[in-house]
Amino acid sequence: MNLSQQIVNGLVLGSGYACIALGWTILLGVARLVNFAHGQLYMLSAFVTWYAMTRAGAPYWAAIVIAIVVLSLLGALMQLAMTRLVIEQNLTSLMIVTLGLGYVIQGGGALIFGGNPQTLSSVLARTKVDAGALWFTWQDVLVLAMTFVLYAAVWLFVNRTRFGSVIRAVAEDPRLAQLFGINAKLVYLGVFVFECAAVALAAALVAPRAPILTSMGFNEVIMTFVVVVLGGIGSIGGALLAGLGLGMFIAFFGAFVAPAYTTAAAFGMLLLLLVVRPVGLATK
Amino acid sequence: MTDSLPHRPLSMLRAVVVAALIGVAFFLPQLFGGSSVAYSTLTTIALFAVMCYGVDVVLSYLGEVSLGHTVFWAIGGYVAALMSVHLGVNGWVTALATIGLSVAAATFLGLVTLRTREFVFSLVTYAAAVVTHEIAFNWDAVGGSDGTVGIPALKLPLGFFTYVGGTQEELWPIAFALLLLTLFFVARFRRSRLGTTALMVHMNPALATSLGVDQRRVRLAVFVISAPITALAGWLYAYQRAYVGPDMFEAYFLVMMLTAVVLVGRRILLGPLLGTAVLIIQQNLLSLGGDWNKVILGFVLAAVLIFWPAGLMGLVDHMRQRWLRKTRTNGRENKRSYMEEVQ
Amino acid sequence: MTAALACSHLTVSYDGNVALNGVSLSVGSGQMIGLVGANGAGKSTLVNAVAGWSRGRPAVSGSVTLDGADISALAAHARAQHGLLLVPEGKNIFAELTVDENLGLVRAPRDVAGRHVFSIADVFNLFPRLTERRTYKGGSLSGGERQMLAVGRALLAAPRVLILDEPSAGLAPRLILDLLERIRSLVDRGLPVLLVEQNVKAALKVVDHLYLLERGRIIAGGPTTVMKSDARIVEAYLGTLAVDRA
Ligand SMILES: Nc1ncnc2c1ncn2[C@@H]1O[C@H](COP(=O)(O)OP(=O)(O)O)[C@@H](O)[C@H]1O
Ligand SMILES: [Mg+2]
Numbered sequence: 027m028n029l030s031q032q033i034v035n036g037l038v039l040g041s042g043y044a045c046i047a048l049g050w051t052i053l054l055g056v057a058r059l060v061n062f063a064h065g066q067l068y069m070l071s072a073f074v075t076w077y078a079m080t081r082a083g084a085p086y087w088a089a090i091v092i093a094i095v096v097l098s099l100l101g102a103l104m105q106l107a108m109t110r111l112v113i114e115q116n117l118t119s120l121m122i123v124t125l126g127l128g129y130v131i132q133g134g135g136a137l138i139f140g141g142n143p144q145t146l147s148s149v150l151a152r153t154k155v156d157a158g159a160l161w162f163t164w165q166d167v168l169v170l171a172m173t174f175v176l177y178a179a180v181w182l183f184v185n186r187t188r189f190g191s192v193i194r195a196v197a198e199d200p201r202l203a204q205l206f207g208i209n210a211k212l213v214y215l216g217v218f219v220f221e222c223a224a225v226a227l228a229a230a231l232v233a234p235r236a237p238i239l240t241s242m243g244f245n246e247v248i249m250t251f252v253v254v255v256l257g258g259i260g261s262i263g264g265a266l267l268a269g270l271g272l273g274m275f276i277a278f279f280g281a282f283v284a285p286a287y288t289t290a291a292a293f294g295m296l297l298l299l300l301v302v303r304p305v306g307l308a309t310k
Numbered sequence: 006m007t008d009s010l011p012h013r014p015l016s017m018l019r020a021v022v023v024a025a026l027i028g029v030a031f032f033l034p035q036l037f038g039g040s041s042v043a044y045s046t047l048t049t050i051a052l053f054a055v056m057c058y059g060v061d062v063v064l065s066y067l068g069e070v071s072l073g074h075t076v077f078w079a080i081g082g083y084v085a086a087l088m089s090v091h092l093g094v095n096g097w098v099t100a101l102a103t104i105g106l107s108v109a110a111a112t113f114l115g116l117v118t119l120r121t122r123e124f125v126f127s128l129v130t131y132a133a134a135v136v137t138h139e140i141a142f143n144w145d146a147v148g149g150s151d152g153t154v155g156i157p158a159l160k161l162p163l164g165f166f167t168y169v170g171g172t173q174e175e176l177w178p179i180a181f182a183l184l185l186l187t188l189f190f191v192a193r194f195r196r197s198r199l200g201t202t203a204l205m206v207h208m209n210p211a212l213a214t215s216l217g218v219d220q221r222r223v224r225l226a227v228f229v230i231s232a233p234i235t236a237l238a239g240w241l242y243a244y245q246r247a248y249v250g251p252d253m254f255e256a257y258f259l260v261m262m263l264t265a266v267v268l269v270g271r272r273i274l275l276g277p278l279l280g281t282a283v284l285i286i287q288q289n290l291l292s293l294g295g296d297w298n299k300v301i302l303g304f305v306l307a308a309v310l311i312f313w314p315a316g317l318m319g320l321v322d323h324m325r326q327r328w329l330r331k332t333r334t335n336g337r338e339n340k341r342s343y344m345e346e347v348q
Numbered sequence: 002m003t004a005a006l007a008c009s010h011l012t013v014s015y016d017g018n019v020a021l022n023g024v025s026l027s028v029g030s031g032q033m034i035g036l037v038g039a040n041g042a043g044k045s046t047l048v049n050a051v052a053g054w055s056r057g058r059p060a061v062s063g064s065v066t067l068d069g070a071d072i073s074a075l076a077a078h079a080r081a082q083h084g085l086l087l088v089p090e091g092k093n094i095f096a097e098l099t100v101d102e103n104l105g106l107v108r109a110p111r112d113v114a115g116r117h118v119f120s121i122a123d124v125f126n127l128f129p130r131l132t133e134r135r136t137y138k139g140g141s142l143s144g145g146e147r148q149m150l151a152v153g154r155a156l157l158a159a160p161r162v163l164i165l166d167e168p169s170a171g172l173a174p175r176l177i178l179d180l181l182e183r184i185r186s187l188v189d190r191g192l193p194v195l196l197v198e199q200n201v202k203a204a205l206k207v208v209d210h211l212y213l214l215e216r217g218r219i220i221a222g223g224p225t226t227v228m229k230s231d232a233r234i235v236e237a238y239l240g241t242l243a244v245d246r247a
């Protein structure tokens with residue numbers, strides 16, 4: 027096994043994890059909401075992109091835009107349905123509701139797109155980069171670059187703009203925010219739509235790496251959760267580092283220990299964290 | 006003594022009514038025509054209801070959402086399958102092993118999640134389920150992705166003879182007995198010290214702390230006793246299907262457990278049973294196909310929590326109160342107009 | 002001339018328990034109105050209902066007008082945008098945001114007709130203490146600094162009327178009058194203020210008009226000079242010492 031190849035694989039995997047986790051980082055870390063349908067939204071985005079490309083003949087970039095628009099609309103609908111629970115900050119009910127909606131999306135996805143595995147083929151995913159003995163594709167480079175750009179943009183948005191302060195204010199105390207003339211419901215709606223748009227973009231970027239199935243999505247949620255928790259809930263930079271770190275760990279674990287048990291290994295890290303640093307998990 | 010005397014005839018009456026209802030319930034398959042479909046549907050309702058009661062205990066009395074109960078469900082199934090196929094042991098042995106292993110797993114999971122709450126607790130338990138699934142899927146010693154086929158009929162030696170549960174008709178009495186046992190257990194739990202303390206920890210943590218309740222212990226205890234309930238349902242499920250595989254971890258069972266509990270309403274003894282009955286009848290008799298059933302099940306779960314957080318019973322309560330209020334205000338208005346007339 | 006703020010027949014109940022019973026009052030332009038009463042009398046319930054806001058789940062009836070326009074149907078954030086600024090009792094700033102970020106949350110309206118516009122410089126002039134704290138998180142401020150920040154952000158929103166719910170709560174006695182006098186200086190520049198105050202003595206020094214609220218009803222009200230010698234005020238809040246001084 028080539029060590030530098032494993033580092034490349036780690037970066038490739040890790041940037042994918044971080045990219046998929048971006049929406050959740052904001053949703054949970056900044057606005058303190060949960061969305062257990064995250065994995066199914068990822069699945070749906072991948073299929074919408076695939077459908078737009080193979081059935082409607084759209085080019086890759088246009089398919090990405092379509093996926094973002096479709097998912098944003100879906101996210102807005104979901105959030106409108108859940109407004110009362112969100113304003114009451116009823117996380118337990120929100121969690122079950124999104125779990126149920128995720129199941130609806132899974133069933134609906136299978137009805138619309140069928141049960142067969144499909145490949146989301148992007149030109150970049152098929153072009154290998156020639157870098158001596160190292161093996162990766164231009165799609166991997168794109169994911170890595172986009173992940174860094176997106177995280178930087180989101181960090182600047184949250185910490186350096188008035189809108190960022192507004193989101194953090196609503197997360198801290200939605201009622202008080204109203205007295206500042208802030209429409210809290212609208213802010214929650216915006217954040218949730220962002221989460222859906224971010225997962226759509228992530229899926230369109232990351233999903234070309236492997237066959238897509240309507241039953242996928244569970245591993246994505248677990249990896250996302252590990253990334254967000256490992257990074258320290260609410261820390262945008264932390265999530266990026268955690269994503270890359272987790273990718274590195276999984277790449278080496280898969281190469282040198284057991285490739286079939288990578289999710290289990292990630293879970294092991296989570297348990298270790300729970301025992302070693304349980305305070306890091308306190309959200310409020 | 007004298008205090009309880011007046012209640013006695015009432016509780017006697019209650020006992021008679023309950024016994025009569027149990028008797029009728031036992032003959033339900035015959036009442037529905039005695040066909041194999043009637044037996045298998047009712048057996049499935051009974052054992053799925055038992056599965057749901059495990060989640061119910063945690064959700065209704067602790068207020069936490071365990072997404073890891075599919076692990077216990079699968080433990081029951083895998084223990085029954087592997088032990089009866091490879092060791093040829095009878096149902097008592099596999100049931101005991103199921104209880105032991107599920108309690109051990111719940112203790113481990115309960116200990117590592119001891120300090121987590123709300124969605125963190127849920128996510129960790131969820132992760133446990135995903136990971137156990139991965140292991141079951143990849144580990145050939147437990148059947149791998151193919152699972153285990155050819156599980157022999159459930160044999161329960163009763164001293165002088167052995168009860169064999171081979172057909173749906175023969176499994177029904179066992180499922181029924183397991184359901185009764187579970188209901189009895191949950192009813193006892195609700196009135197027990199642990200049950201009332203758990204509810205206090207859930208509803209009024211400040212009061213619980215001021216009374217010196219060790220909340221972590223209560224949470225752990227409730228989680229641990231909930232596990233064998235779901236696990237025993239999985240145990241019977243293995244004999245019913247004669248096959249066990251990684252599909253026992255499917256999200257279907259998880260969503261089913263949660264929906265059955267919230268549909269009728271939390272903290273209602275028969276709630277999960279009724280919820281399961283409604284859902285299974287839809288899926289078995291009014292099915293629109295697997296994917297549509299998913300859409301329906303998930304939609305019901307989300308819709309109940311969005312529109313009627315207290316479940317169908319809450320809805321009934323709400324209607325009744327509205328009706329009462331309406332009749333009451335009508336009465337008041339009548340009175341007022343009467344007064345005006347007098348003046 | 003219409004009052005800057007008026008409410009009529011406001012009734013509020015929590016879970017069927019009436020906390021405010023048909024209260025009407027008005028704040029004239031350029032006036033500072035005081036609202037006093039015992040703990041639990043319903044003062045916060047009243048001003049919250051005026052602002053259309055609550056941390057609980059009240060049932061509210063009655064109407065509120067702002068500069069003559071009926072705002073009863075507006076949500077809390079819309080009332081704030083229309084220039085009705087409430088600084089609530091208790092937690093009234095964001096602890097995890099810095100002073101600058103707290104102030105930056107507010108956007109002044111484009112149409113400033115009828116509004117009292119304050120710039121960020123005005124706020125720092127009024128509360129110089131805040132200048133030194135600009136990069137500090139709200140959670141690290143002292144009680145007095147928090148009140149200054151809360152009032153400051155309300156001023157930045159260009160209020161038509163400012164409502165303050167116990168701004169002196171938790172402040173050292175010598176700071177209370179100082180804060181109230183600074184607020185009085187705003188009134189002298191034309192801003193109408195409705196002040197809820199526990200410290201009746203201090204309130205009497207700055208307000209033009211005083212209402213006394215008891216068990217959800219206004220039981221007395223009038224110009225400060227009259228209220229100073231009102232038996233109910235004297236007995237319950239001022240004691241004999243104050244009568245001597247008056
Ligand atoms: N959120 C709430 N839910 C239920 N009752 C409340 C709530 N807020 C206030 N009350 C009740 O309303 C009454 C008036 O309270 P409040 O307006 O806070 O009084 P004050 O501000 O004069 O001290 C009190 O009896 C109080 O218990
Ligand atoms: Mg008050």
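Protein chains in written order, with the working numbering: chain A, 27 to 310; chain B, 6 to 348; chain C, 2 to 247. Ideal Cβ positions, reconstructed from N, Cα and C, are used throughout, including at glycine. Model, not experiment: these values are computed from the prediction.
Cβ separation of residue i and residue j, assumed to be a contact under 8 Å, to the nearest whole Å
i	j	result
L259 of chain B	L284 of chain B	L259 of chain B to L284 of chain B, Cβ: 13 Å. No contact.
V56 of chain A	R194 of chain A	6 Å
V60 of chain A	T163 of chain A	Between T163 of chain A and V60 of chain A the Cβ distance is about 34 Å, and since that is not below 8 Å, they are no contact.
F73 of chain A	V247 of chain A	The pair is not a contact, with the Cβ atoms about 17 Å apart (cut-off 8 Å).
G105 of chain C	S191 of chain A	6 Å
L310 of chain B	V267 of chain B	6 Å
V117 of chain B	L111 of chain A	At roughly 28 Å, the Cβ-Cβ gap does not stay under 8 Å, so V117 of chain B and L111 of chain A are not in contact.
Cβ-based neighbour list, residue i, same chain, cut-off 6 Å, excluding 5 preceding and 5 following
i	result
F278 of chain A	Q32
I276 of chain A	L39 and T288
L176 of chain C	G145
D8 of chain B	At D8 of chain B, the pLDDT of 47 sits below 50, so the modelled position is not reliable and the matter cannot be decided from this model.
R218 of chain C	N22
K138 of chain C	T99
V196 of chain A	A203, A210 and V213
Neighbour flag for residue i against chain A, beta carbons, 8 Å
i	result
H117 of chain C	no
L225 of chain B	no
D296 of chain B	yes
E133 of chain C	no
E96 of chain C	One detail in the question is off: residue 96 of chain C reads as Ala in this sequence, not Glu. Chain A, which has a Cβ nearer than 8 Å to the Cβ of A96 of chain C, makes this yes.
Any chain B beta carbon closer than 8 Å to residue i
i	result
A72 of chain A	no
Residue i burial status per 10 Å Cβ neighbour count (16 or more: buried)
i	result
N126 of chain C	exposed
R337 of chain B	Because R337 of chain B carries a pLDDT of 48, less than 50, the predicted location of this residue cannot be relied on, and the following value inherits that uncertainty. Per the 10 Å Cβ criterion, exposed.
F312 of chain B	exposed
I122 of chain A	buried
Own chain, CB closer than 8 Å to residue i, minus 5 neighbours either side, in chain order
i	result
W357 of chain B	The requested residue 357 of chain B is not part of the displayed model; chain B covers only 6 to 348.
G81 of chain B	T103, S107, T235, A236, L237, A238, G239, W240, L241, Y242 and A243
Per-residue contacts from residue i into chain C (C-beta, under 8 Å)
i	result
Q204 of chain A	W54, A76, A77, H78 and A81
Chain C residues whose Cβ lies nearer than 7 Å to that of residue i
i	result
R186 of chain A	Here the premise fails: no neighbours, minimum Cβ distance about 10 Å.
Residue i: contacting residues in chain B (beta-carbon distance under 8 Å)
i	result
Y287 of chain A	E139, I140 and N143
Test: residue i CB closer than 8 Å to a CB of chain C
i	result
A195 of chain A	yes
V56 of chain A	no
Residues that residue i contacts on chain A, provided the C-beta gap is smaller than 8 Å
i	result
R154 of chain C	F206
S150 of chain B	In chain order: nothing, as chain A lies at least about 10 Å away.
Minimum Cβ-Cβ distance from residue i to chain E less than 8 Å
i	result
S41 of chain A	Of the chains in the structure shown, none is chain E; the protein chains are A, B and C.
7 Å Cβ shell around residue i - same chain, five flanking residues per side excluded
i	result
A247 of chain C	With a pLDDT of 38 at A247 of chain C, under the threshold of 50, the modelled position of that residue is not reliable, and no figure is offered here.
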